[in-house]
Amino acid sequence: EDQVTQSPEALRLQEGESSSLNCSYTVSGLRGLFWYRQDPGKGPEFLFTLYSAGEEKEKERLKATLTKKESFLHITAPKPEDSATYLCAAPNSNSGYALNFGKGTSLLVTP
Amino acid sequence: GAVVSQHPSRVICKSGTSVKIECRSLDFQATTMFWYRQFPKKSLMLMATSNEGSKATYEQGVEKDKFLINHASLTLSTLTVTSAHPEDSSFYICSASPSGSEQYFGPGTRLTVT
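Residue numbers (our numbering), protein chains in the order written: chain X, 1 to 111; chain F, 1001 to 1114.
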């Protein structure tokens, strides 16, 4: 059964304190690993898609990496505006491109 | 970038009434759109896949007669919650993909059934 598991569930950082969020997955025939950011009361905002082990993508203070079993979202020198829930997802192996989401990591960055 | 809109953003309805939520892809065409539901502090759960010109595909446990989906054009899908009850109160979010892989999400619709 396809599974996407994120850790930690919640993370509190001080401004400037770098850290990483983890997403482990068991999906047959991975067709992309997606990262989204979600602010309260809003829809998810697309961040990255990774397709193969070893691939890395960056956007401002965020960098996503992918191995055969997990993905990491590295946050370098975070700012309070980076506070949000970060969601990891992968297409179901038997449902076209519908996404199977992890439960998310709620990130709080304090000044 | 790809933009997906939803309308309304918030709706309050009385128990037993029906509510329609629209999902539009504004700058691309989408043969497939997806409807998700999200409970407070929970992740998104796929409800159904909306296919333009054909019937929607529902996930296990989702009542197709209660959650009616119509994908009338390549830029519009609608979700109608029929005979709504308080337990249907939730955050409903749609998504669409211009290329079949990366999905872009709408801003969501907060439904409250009283």
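Glycine is no exception: its CB is placed at the ideal position from the N, C-alpha and C atoms. Quick caveat, the model's predicted, so the values are computed rather than measured.
- The beta-bridge partner set that DSSP reports for S1050(F) consists of M1033(F).
- E1(X) carries a coil assignment under DSSP once its states are collapsed to helix, strand and coil.
- Contact note: P1098(F) does not reach chain X at a C-beta cutoff of 8 Å; the least C-beta distance is about 11 Å.
- Secondary structure at E81(X): helix, using DSSP grouped into helix, strand and coil.
- Classified as exposed, I1012(F) has fewer than 16 neighbouring CB atoms from the shown chains inside 10 Å of its CB.
- By the Cβ rule, the stretch 17-30 of chain X does not count as touching the stretch 1074-1085 of chain F, because fewer than three pairs are nearer than 8 Å.
- Not one beta carbon of chain F lies nearer than 7 Å to the beta carbon of F72(X).
- Rounded to whole angstroms, the separation of the alpha carbons of S52(X) and T1109(F) is 34 Å.
- Looking only at Y86(X), N100(X), K57(X) and F46(X), the smallest Cα-Cα distance to S7(X) is reached by Y86(X).
- Within chain F, the C-beta atoms nearer than 8 Å to that of T49(X) come from S1101 and E1102, in chain order.
- P1107(F) is not a Cβ neighbour of G29(X), given a cutoff of 7 Å.
- E45(X) is the residue among S19(X), G16(X) and E45(X) whose C-alpha sits nearest the C-alpha of C88(X).
- Taking 7 Å as the threshold, the shortest C-beta distance from P44(X) to chain F falls below it.
- Here DSSP, grouped into helix, strand and coil, assigns P1086(F) to helix.
- With a cutoff of 7 Å on beta-carbon distance, M1033(F) and A1096(F) are scored as near each other.
- When C-alpha distances from Y36(X) are compared across I75(X), E56(X) and G104(X), the shortest belongs to G104(X).
- Around the beta carbon of H1071(F), 16 or more other beta carbons sit within 10 angstroms, so the residue counts as buried.
- Counting only residues of its own chain and dropping the five nearest sequence neighbours on each side, L13(X) has a CB closer than 6 Å to the CB of S19, P78 and V109.
- Close to A90(X), with beta-carbon spacing below 8 Å, lies no residue of chain F; the smallest spacing is near 11 Å.
- Restricting attention to S1015(F), R1010(F) and D1027(F), the CA atom closest to the CA of A1002(F) is found in D1027(F).
- Under the three-state reduction of DSSP, S1018(F) is assigned to coil, being neither helix nor strand.
- In summary, F48(X) is buried, with 16 or more beta-carbon neighbours lying within 10 Å of its beta-carbon over all protein chains present.
- For Q1006(F), the uninterrupted beta strand (DSSP E) segment begins and ends at V1004 to H1007.
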